[in-house]
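Enquirer: In the working numbering, the protein residues as written are 23 to 627.
Okay, here's the structure, questions in a sec.
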């Protein structure tokens, strides 16, 4: 086995050992095969479009249209995934960019050809649809798919009205594009002197590293510099965000929803009680967050803890080099609570072309898990021998194994798991790996580093994202009640929430009232709460795996096999997590509290 190392000069793709590359030939044996499928897909799309107007005539026609839709979508997905992942191997190669563009264009054509399906299904009377299921038992395959369309019948307008709303949506969504351009292209940031005496511009890309500086002057000046730029644009950004909120409210009202949050969550059949339970549980356990903030103040040894002290590591960096081969072995051992079947499949996958390991010239940065139904999942890495790389491997293999179990069990129509569940399996793996390392690591500084890593994950995911969720719900409610969303109103509300979440030990610097203005997620309303619910679900599942053993493992594997065959909350219940109650969030927060106590004990020695 070749050793995966972080080289000083990046190798070319051709120089990377084959055993450290994924095997995309498992999707298509050659580019010639890809071209053949392109031709087949192009021929199938008109056949799908030709079925418009026929779905209500018989069960056979409905089944035929849905089957053809799946066939077209599956083939185009294969085309796109293969070409895009080939492009990710070397972005300097224009061939695969052109191929992925062609596949994406074909996907748009297919979506247009299939656009008649939902309106026609809704035009079928409920009693007729029930008769169709009796007439043709094979149609039962699509019962959940059809239910997901028909359950929103009361909130669906006529075809002509929905066309008008869709055109309005294009205008409304352009608000987010305006913010993106403002936030990424037009905004200019000042420069500061860093701890090495260098003049550096405080860009968004550099901001986090500057906030992690051990030099407090650097942190303070970077904090003030960044927000001075947002302050100069705050009236424009407030108007932009207000327009986004107005669009959300318009969309909810025309579809007969009581408010924006109900409309948004109903896309995935999530009751608003889930949102409420999250906020209520977090607020009930807020003292534990305040306790962690107080610990941070004590660890940093400062008289006053400011907002620019939040990201500073309270544990000195530890030397922790991890080769890919070592990480693979550690991850396999760390995930043993998931059972031999899970671990054996994962281990074999890491040897049989699932993972593209080494950073190389032109390769897409970062990490992801992807793939297509009918083959195995894939994982892209850029290995640099770090502890973070090892956690990334565990995380992405969590996604990959979720896909593996789902694709191996479900038909294509239910092969993809819902976005509400997207980060559960990946986070379960991270938590299990961390708990394993805490049990085997002897070096107290490494243990402290791991504890701090875990607590920061809680702070950044459960607490911060729930605070965001409160902010956007309050903003939408204010608009729905007729209150103007001025910079002052939004800033004061955001500042007050920071006070609630960070507690009495934190000095609320004036600049923090501007932070809401730089959060792009707010232009996709009511999305961020899912980060918190997903993290809470994962921590609760991992805790059950470690304390209950086999019963929890069996429940979890059934959850992974569920794919998209049911609504998200019903799928989570398979894993023993009922997000209609506050219990999973409270269980996760119990883990947070015990981790804070464990870290406090280190500082008490």
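All residues carry an ideal CB built from backbone N, CA and C; glycine is no exception.
Considering Cα atoms alone, identify which of 173, 599, 374 is closest to residue 291.
Expert: The residue labelled residue 291 in the question sits at position 269 within the chain shown. Nearest option by C-alpha distance: 173.
Enquirer: With a 10 Å radius around its C-beta and 16 neighbouring C-beta atoms as the bar for buried, classify residue 492 as buried or exposed.
Expert: As a first step, residue 492 is located in the chain shown; it is residue number 470 there, counting from the start. Result: buried.
Enquirer: Measure the CB-CB distance between residue 407 and residue 346 and report whether it falls below 9 Å.
Expert: Taking the chain shown and counting its residues from 1, the one referred to as residue 407 is at position 385. Taking the chain shown and counting its residues from 1, the one referred to as residue 346 is at position 324. It is a contact, given that the beta carbons lie within the stated cut-off.
Enquirer: Whole angstroms is fine: what's the gap from residue 559's alpha carbon to residue 68's?
Expert: In the chain shown, the residue the question calls residue 559 occupies position 537. In the chain shown, the residue the question calls residue 68 occupies position 46. Rounded to whole angstroms, residue 559 to residue 68 spans 43 Å at the Cα level.
Enquirer: Which residue or residues does DSSP assign as beta-bridge partners of residue 296?
Expert: Here residue 296 corresponds to residue number 274 of the chain shown, with the count starting at 1. Paired residues: none, contrary to the question.
Enquirer: Would residue 311 and residue 551 be called neighbours here (beta carbons separated by less than 9 Å)?
Expert: Numbered from 1 along the chain shown, position 289 holds the residue referred to as residue 311. Numbered from 1 along the chain shown, position 529 holds the residue referred to as residue 551. Going by C-beta atoms, residue 311 is not nearer than 9 Å to residue 551.
Enquirer: For residue 348, does the three-state DSSP call read helix, strand or coil?
Expert: If you number the chain shown from 1, residue 348 lands on position 326. Residue 348 falls in the helix class under three-state DSSP.
Enquirer: Kindly give me the distance between the Cβ atoms of residue 439 and residue 556, rounded to whole angstroms, as I take these residues to be in contact under 8 Å.
Expert: Position 417 of the chain shown, counting from 1, holds the residue named residue 439. Position 534 of the chain shown, counting from 1, holds the residue named residue 556. Residue 439 to residue 556, Cβ: 11 Å. No contact.
Enquirer: Apart from the five residues just before and just after residue 265, which ones in its own chain have a Cβ nearer than 6 Å to its Cβ?
Expert: Sequence index remark: in the chain shown, residue 265 carries index 243 (1-based). So the qualifying residues of the chain are 197.
Enquirer: Under 6 Å Cβ to Cβ from residue 282, same chain only, skipping five residues before and after it: list those, please.
Expert: Against the chain shown, residue 282 aligns to sequence position 260. Correct list, in chain order: 270, 271, 274, 498.
Enquirer: Can you tell me whether residue 420 is buried or exposed, with buried defined as 16 or more other CB within 10 angstroms of its CB?
Expert: As a position in the chain shown, residue 420 is number 398, starting the count at 1. By the neighbour-count rule (16 or more Cβ atoms within 10 Å), residue 420 is buried.
Enquirer: With a threshold of 16 other CB atoms inside 10 Å of the CB of residue 201, please say whether the residue is buried or exposed.
Expert: As a working mapping, residue 201 is identified with position 179 in the chain shown. The residue in question, residue 201, is buried, as its Cβ has 16 or more Cβ neighbours within 10 Å.
Enquirer: Could you please give the first and the last residue of the uninterrupted alpha helix (DSSP H) stretch that includes residue 611?
Expert: Along the chain shown, one-based indexing puts residue 611 at 589. Here the alpha helix (DSSP H) through residue 611 covers 605-625.
Enquirer: Shortest alpha-carbon distance to residue 626 belongs to which of 276, 206, 470?
Expert: Looking up residue 626 in the chain shown gives position 604. Looking at the Cα atoms, 470 is the closest of the given residues.
Enquirer: Taking the straight line between their C-alpha atoms, what separation do you get for residue 279 and residue 184?
Expert: Taking the chain shown and counting its residues from 1, one reaches residue 279 at position 257. Taking the chain shown and counting its residues from 1, one reaches residue 184 at position 162. Roughly 15 Å separates the two Cα atoms.
Enquirer: Going by Cα to Cα distance, which pick from 604, 473, 393, 472 is closest to residue 47?
Expert: Here residue 47 is taken as the residue at index 25 of the chain shown, counted from 1. Checked all of 604, 473, 393, 472; the closest Cα to residue 47 is 393.
Enquirer: Residue 581 and residue 594 - do their beta-carbons sit closer together than 9 Å?
Expert: Counting from 1 along the chain shown, the entry for residue 594 is found at position 572. Counting from 1 along the chain shown, the entry for residue 581 is found at position 559. In contact: residue 594 and residue 581 (Cβ atoms closer than 9 Å).
Enquirer: Out of 187, 301, 374, which one is the CA nearest neighbour of residue 397?
Expert: Residue 397 sits at position 375 when you count from the first residue of the chain shown. Closest by alpha carbon: 374.
Enquirer: On the premise that residue 261 lies in contact with residue 157, defined as a C-beta separation below 8 Å, what is that separation, rounded to the nearest angstrom?
Expert: Translated into the one-based positions of the chain shown, residue 157 becomes position 135. Translated into the one-based positions of the chain shown, residue 261 becomes position 239. Residue 157 to residue 261, Cβ: 55 Å. No contact.
Enquirer: Around the C-beta of residue 358, are 16 or more other C-beta atoms found within 10 angstroms, so that it is buried, or is it exposed?
Expert: Taking the first residue of the chain shown as position 1, residue 358 is located at position 336. Counting Cβ neighbours within 10 Å, residue 358 comes out exposed, since fewer than 16 surround it.
Enquirer: Based on the DSSP secondary-structure assignment, which residues constitute the bridge partners of residue 400?
Expert: Position 378 of the chain shown holds residue 400. Its beta-bridge partners are 392.
Enquirer: Beta-carbon separation of residue 308 and residue 525 under 9 Å?
Expert: Indexing the chain shown from 1 puts residue 308 at position 286. Indexing the chain shown from 1 puts residue 525 at position 503. Against a cut-off of 9 Å, the Cβ pair of residue 525 and residue 308 comes out as a contact.
Enquirer: Where residue 590 and residue 284 are concerned, what is the direct C-alpha to C-alpha distance, given to the nearest angstrom?
Expert: Here residue 590 refers to the residue found at position 568 of the chain shown. Here residue 284 refers to the residue found at position 262 of the chain shown. Answer to the nearest angstrom: the Cα atoms are 16 Å apart.
Enquirer: Report the CB separation of residue 574 from residue 566 in whole angstroms; it is logged as a contact under 8 Å.
Expert: On the chain shown, residue 574 is found 552 positions in, with the first residue counted as 1. On the chain shown, residue 566 is found 544 positions in, with the first residue counted as 1. Rounded, the Cβ-Cβ distance is 4 Å, consistent with contact.
Enquirer: In terms of DSSP beta bridges, what is residue 213 paired with?
Expert: What you label residue 213 is simply residue 191 of the chain shown in a count that begins at 1. In DSSP, residue 213 forms a bridge with 223.
Enquirer: Return yes when the Cβ of residue 395 is within less than 9 Å of the Cβ of residue 99, no when it is not.
Expert: By 1-based counting over the chain shown, the position of residue 99 is 77. By 1-based counting over the chain shown, the position of residue 395 is 373. Going by C-beta atoms, residue 99 is nearer than 9 Å to residue 395.
Enquirer: Leaving out five residues on either side along the sequence, give the residues of the same chain with a beta carbon under 7 Å from the beta carbon of residue 93.
Expert: Locating residue 93 in the chain shown gives position 71, where the first residue counts as 1. The residues are 66.
Enquirer: I'd like to know whether the C-beta atoms of residue 428 and residue 596 end up nearer to each other than 9 Å.
Expert: Here residue 428 is taken as the residue at index 406 of the chain shown, counted from 1. Here residue 596 is taken as the residue at index 574 of the chain shown, counted from 1. The answer is no: Cβ separation not under 9 Å.
Enquirer: Under the rule that 16 or more other beta-carbon atoms within 10 Å means buried, what is residue 513, buried or exposed?
Expert: Counting from one through the chain shown, the residue named residue 513 turns up at place 491. Counting Cβ neighbours within 10 Å, residue 513 comes out buried, since at least 16 surround it.
Enquirer: Indicate the three-state DSSP secondary structure (helix, strand or coil) for residue 378 in the structure shown.
Expert: Counting from one through the chain shown, the residue named residue 378 turns up at place 356. It is a strand residue.
Enquirer: Could you tell me the distance, in whole angstroms, from the CA atom of residue 568 to the CA atom of residue 167?
Expert: Working through the chain shown from its first residue, we reach residue 568 at position 546. Working through the chain shown from its first residue, we reach residue 167 at position 145. In a straight line, the C-alpha of residue 568 is about 35 Å away from that of residue 167.
Enquirer: Is the beta carbon of residue 494 less than 9 Å from the beta carbon of residue 413?
Expert: The count along the chain shown starts at 1 and reaches residue 494 at position 472. The count along the chain shown starts at 1 and reaches residue 413 at position 391. Taking 9 Å as the Cβ cut-off, residue 494 and residue 413 do not qualify as a contacting pair.
Enquirer: For residue 488 and residue 424, I'd like the C-alpha separation in whole angstroms.
Expert: Working through the chain shown from its first residue, we reach residue 488 at position 466. Working through the chain shown from its first residue, we reach residue 424 at position 402. Taking the straight line from one Cα to the other gives about 25 Å.
Enquirer: Out of curiosity, what's the CA-to-CA distance linking residue 315 and residue 624?
Expert: Sequence index remark: in the chain shown, residue 315 carries index 293 (1-based). Sequence index remark: in the chain shown, residue 624 carries index 602 (1-based). The straight-line gap from Cα to Cα measures roughly 16 Å.
Enquirer: Below 7 Å CB to CB, which residues in the same chain sit around residue 23 once its five sequence neighbours on both sides are set aside?
Expert: As a first step, residue 23 is located in the chain shown; it is residue number 1 there, counting from the start. Bear in mind that the predicted position of residue 23 carries a pLDDT of just 48, short of 50, making it unreliable; the figure below should be weighed with that in mind. These residues qualify, in order along the chain: 41, 347.
Enquirer: In three-state DSSP terms, what is residue 23?
Expert: Indexing the chain shown from 1 puts residue 23 at position 1. Any reading at residue 23 must be qualified, since the residue scores a pLDDT of 48, below 50, and its modelled position is unreliable; the value itself is stated next. Coil, per DSSP.
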